[in-house]
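Undergrad: Take this structure first; my questions come after.
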Amino acid sequence: MPNPNDEYYMKKALALARRGLGKTSPNPMVGAVIVKNNKIVGRSYHRRFGGPHAEINAIQDAKGDINGATLYVTLEPCCHKGKKTPPCLDTLLKYRWKRVVIGTSDPNPKVNGRSIEILKKKGIETKVGVLKEECQSLNEAYFKYIQTGIPFVTLKFAQTLDGRIATWTGDSKWISSEPSLKWAHRLRSLHDAVLVGVGTVLTDDPQLTVRLVKGRNPVRVVVDSRLRIPLSSKILKDLESAPTIIAVTSQADIEKMFALSIMGIEVLTIGEDSEGMVDLKGLLKKLGEQNISSVLVEGGATTLTSFIRQGLADKIVAIIAPKIMGEGVEAVGDLEILKVGRALKLSFDKVHRKGEDVIIEAKTS
């Protein structure tokens, strides 16, 4: 076993933090480890939104006297009273820590280095930035949302090797393999909202719920500028397990809007873009106001293309099946790019296999 050091224990804390995937939003995922005499005496993570934070759980988990111990935590402890929990820093300062090692500072304006300064002023040796990139990457959605108020946007699509998401007749079931479908449902469960254009509803009549794995159902969002969605659509059913939001413009039929509200559907009237469609940036801002910090865009091609063209995508997930279709529906349409040098450049974050498919996860910046 390697000689334990700060990075070693921070990796332990990161592994704990990941257990909170899909359970803490809009709060971040955080892990904490308490070490004394080169032994881990306490460890835990932020288990769910509204529950105790990682540091508090780790203290409660600790065995024996923790005075003189070192605390490893992936994110700067909070120093403000939240809607659900008191500030962690107040509890931490009740103990005599030898050191506090922090993965990254918290960009929340209510924190943003304040806890670090307080710890230092109390005479506690405080180290910041251990595995900083990994700690920030873990909470990429939280970091963007807390700094901008705009949700982190991931585009996801399954395509053939030649870039088709459907045949020319519109048939798209199923391009990807069963393991990929299961993985996609897991991905859906990790987001606060799943978004599609009304064209997808008209063509596929999807439920947009989590069914192939255990996990929460995200809020379902339909971009429907002219309110063409049929009142019999599956997405308008089962509102107790998965609420639905329809984003429209002022051109939508008022009587139909009323009918949807009677059904329990939230209808958001958003300003129009230059083409008279729902202004996607305005929609994202409205979703952010509802504590939606991450959005998974699942189609169709027009919606995916609009997000890319307007520079609103933070991440792209492409599930590539070993199939060639020829003529069909392209995953991404015209971006008005005339020279290769102007193509959208991606940074491959992860490439892996699910069944017979290859999945590429890439950042847009």
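Note that my numbering gives residue 242 to position 224 of the sequence shown, counting from 1, and the numbers run on in steps of one. Glycine included, each C-beta is placed from N, C-alpha and C at the ideal position.
1. Within this structure, are the beta carbons of valine 91 and valine 118 separated by less than 9 angstroms?
2. Are at least three pairs of beta-carbons, each pair with one atom in the segment 164-171 and one in the segment 183-192, less than 8 angstroms apart?
3. Starting from leucine 330, trace the beta strand (DSSP E) in both directions and tell me its first and last residue.
4. Asparagine 45 to tyrosine 160, Cα distance in whole Å?
5. Using beta-carbon positions only, say whether serine 243 and alanine 277 come within less than 9 angstroms of one another.
6. Give me the Cα-Cα distance between threonine 17 and valine 228, rounded to the nearest whole angstrom.
7. Hey, is the segment 119-127 in contact with the segment 146-156, meaning 3+ C-beta pairs nearer than 8 angstroms?
8. Relative to the C-alpha of alanine 380, which candidate in Val315, Asp352, Asp332, Glu273 has its C-alpha closest?
9. Between histidine 71 and cysteine 106, how many whole angstroms is the CB-CB distance? I'm expecting something under 8 angstroms.
10. Can you tell which of Ala349, Leu314, Asp180 has its C-alpha closest to the C-alpha of serine 207?
11. Strictly under 9 angstroms for the Cβ-Cβ distance: is threonine 172 near chain B by that measure?
12. How long is the line joining the alpha carbons of asparagine 85 and leucine 205, rounded to whole angstroms?
13. Identify whether aspartate 24 lies in helix, strand or coil by the three-state DSSP scheme.
14. What would DSSP say about lysine 381, mapped onto helix, strand or coil?
15. Contact between the segment 172-184 and the segment 353-365 is defined here as three or more beta-carbon pairs at a separation below 8 angstroms; is this criterion met?
16. Which whole-angstrom value describes the C-beta separation of valine 51 and arginine 61, a residue pair presumed to lie in contact below a C-beta threshold of 8 angstroms?
17. Methionine 275: which of Ile247, Asp256, Glu293 sits nearest, CA to CA?
18. By the three-class DSSP mapping on this structure, what secondary structure does arginine 114 have?
19. What do you reckon, are the CB atoms on leucine 32 and leucine 156 nearer than 9 angstroms?
20. According to DSSP, is lysine 140 part of a helix, a strand, or is it coil?
21. At what residues does the alpha helix (DSSP H) containing isoleucine 77 begin and finish?
22. Determine the contact status of leucine 286 and threonine 323, defining contact as a CB-CB distance below 9 angstroms.
23. Mind checking who glycine 60 pairs with in its DSSP beta bridge?
24. From the DSSP secondary-structure annotation, give me the bridge partner or partners of histidine 370.
25. Which ranges does the beta strand (DSSP E) cover as unbroken runs of at least 3 residues, wholly within the segment 335-363, from first to last along the chain?
26. Evaluate the contact criterion for the segment 295-304 versus the segment 344-359: three or more CB pairs, one atom per stretch, below 8 angstroms.
27. Taking alanine 76 as the reference, which of Leu34, Met281, Asp210 has the closest Cα?
TA: Walking through what the data contain:
1. What you label residue 91 is simply residue 73 of the sequence shown in a count that begins at 1. What you label residue 118 is simply residue 100 of the sequence shown in a count that begins at 1. Result yes, Cβ atoms of valine 91 and valine 118 sit closer than 9 angstroms.
2. no
3. Within the sequence shown, numbered from 1, the residue matching residue 330 stands at position 312. No beta strand (DSSP E) contains leucine 330, which DSSP labels as neither H nor E.
4. Here residue 45 refers to the residue found at position 27 of the sequence shown. Here residue 160 refers to the residue found at position 142 of the sequence shown. Each residue's alpha carbon lies about 7 angstroms from the other.
5. The sequence position of residue 243 within the sequence shown is 225, counting from 1. The sequence position of residue 277 within the sequence shown is 259, counting from 1. In this structure, alanine 277 does not lie closer than 9 angstroms to serine 243 by Cβ.
6. Absent from the structure is residue 17, since the part of the chain shown begins at 19 and ends at 383.
7. yes
8. Taking the sequence shown and counting its residues from 1, the one referred to as residue 380 is at position 362. Minimum Cα distance to alanine 380 is reached at Asp332.
9. Position 53 of the sequence shown, counted from the first residue, corresponds to residue 71. Position 88 of the sequence shown, counted from the first residue, corresponds to residue 106. 5 angstroms between Cβ atoms; contact.
10. As a position in the sequence shown, residue 207 is number 189, starting the count at 1. Per the Cα distances, Leu314.
11. Among the chains in the structure shown there is no chain B, since it carries only a single protein chain.
12. The residue given as residue 85 occupies position 67 in the sequence shown. The residue given as residue 205 occupies position 187 in the sequence shown. Cα to Cα, asparagine 85 sits roughly 41 angstroms from leucine 205.
13. What you label residue 24 is simply residue 6 of the sequence shown in a count that begins at 1. Note: aspartate 24 maps to helix in three-state DSSP.
14. Looking up residue 381 in the sequence shown gives position 363. Lysine 381 falls in the strand class under three-state DSSP.
15. no
16. For the purposes of this step, residue 51 is taken as residue 33 along the sequence shown, with counting starting at 1. For the purposes of this step, residue 61 is taken as residue 43 along the sequence shown, with counting starting at 1. Contact holds; Cβ gap of about 5 angstroms.
17. By one-based count along the sequence shown, residue 275 stands at place 257. Ranking the options by Cα distance to methionine 275, first place goes to Ile247.
18. Residue mapping note: residue 114 aligns to position 96 of the sequence shown, counting from 1. Reduced to three states, the DSSP call for arginine 114 is coil.
19. Here residue 32 corresponds to residue number 14 of the sequence shown, with the count starting at 1. Here residue 156 corresponds to residue number 138 of the sequence shown, with the count starting at 1. Cβ distance < 9 angstroms, so leucine 32 and leucine 156 count as in contact.
20. For the purposes of this step, residue 140 is taken as the residue at position 122 of the sequence shown. DSSP places lysine 140 in coil when its eight states are reduced to three.
21. Residue numbering aside, residue 77 sits at position 59 when the sequence shown is read from its first letter. 72-79 is the extent of the alpha helix (DSSP H) around isoleucine 77.
22. In the sequence shown, the residue the question calls residue 286 occupies position 268. In the sequence shown, the residue the question calls residue 323 occupies position 305. Contact: no.
23. As a position in the sequence shown, residue 60 is number 42, starting the count at 1. For glycine 60, which the question treats as bridged, DSSP gives the partners Ile52.
24. In the sequence shown, residue 370 corresponds to position 352, counting from 1. DSSP, once it has assigned bridges, lists Ile377 as partnering histidine 370.
25. 346-348
26. no
27. Counting from 1 along the sequence shown, the entry for residue 76 is found at position 58. Ranking Leu34, Met281, Asp210 by Cα distance to alanine 76 puts Leu34 first.
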